[in-house]
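To get the numbering used here, take the position in the sequence shown, counting from 1, and add 1.
Presented below is the structure to which this report refers.
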Amino acid sequence: MYRMMPFRRRNRGEAFWPQTWQDFFSWPESFWEGFPGFGGFGTFNVDVKETNDGYHVLADLPGVAKENIQLSLDGGYLTIAVRADEIRSENNENYLCRERRQMSSQRSFYVGDVDPADVKARFENGVLDIKVPRGAQGPDRRQIPIN
2 MYRMMPFRRR NRGEAFWPQT WQDFFSWPES FWEGFPGFGG FGTFNVDVKE TNDGYHVLAD
62 LPGVAKENIQ LSLDGGYLTI AVRADEIRSE NNENYLCRER RQMSSQRSFY VGDVDPADVK
122 ARFENGVLDI KVPRGAQGPD RRQIPIN
């Protein structure tokens, strides 16, 4: 007869942790929901595939302008840095609303001794496509242009 009740039975812990507290403690992750393609705490999705020639990296960056992406190679680490700013204004007869949000995030991957001049990057339709060949050691640090 217990299982046939038409409502869900609460466990004892739920009385002490109502939904309000759960929402309060999850605010850092919910902040990034406004930036499409970014997961919790401002990370973005990246696929790294090792090939016979080197590495193929695909980063999903929807809504981010090419000018807000920085790609660098330092000490064998390939770093993708992103900064996104959003300003939204709403002006009505009875109110004025302005919201600003800023987000910055970076991901680094070890690719070994690579000459930065041989790294090719292209940004198209919100996807950053990077090809990193295996190779001899190049200069320590260099910015990589994105086409």
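Idealized CB from N, CA, C, for every residue including glycine.
When the five nearest sequence neighbours on each side are left out, the beta carbons in the same chain lying within less than 6 Å of the beta carbon of K121 are those of K132, in order along the chain.
Here DSSP, grouped into helix, strand and coil, assigns A82 to strand. K67 and N95 have their C-alpha atoms spaced approximately 37 Å apart. P134 carries a strand assignment under DSSP once its states are collapsed to helix, strand and coil.
Per DSSP, the continuous beta strand (DSSP E) segment holding A122 begins and ends at 121-125. Closest in C-alpha terms to G127, from the list S73, L59, N92, D75, comes L59. Around the CB of G55, 16 or more other CB atoms lie within 10 Å, so the residue is classed as buried.
For D75, the uninterrupted beta strand (DSSP E) run begins and ends at 70-75, by DSSP. A straight-line Cα-Cα distance of about 13 Å links L79 and I147. Cβ contact annotation for V47 (same chain, cutoff 6 Å, sequence separation greater than five): A60, R108, in chain order. In chain order, S90 place their CB closer than 6 Å to the CB of R99, counting only its own chain and leaving out the 5 sequence neighbours on each side.
Sequence-distant Cβ neighbours of I145 in its own chain, meaning closer than 7 Å and more than five residues away, are L72, S73, L74, P117, V120, A122.
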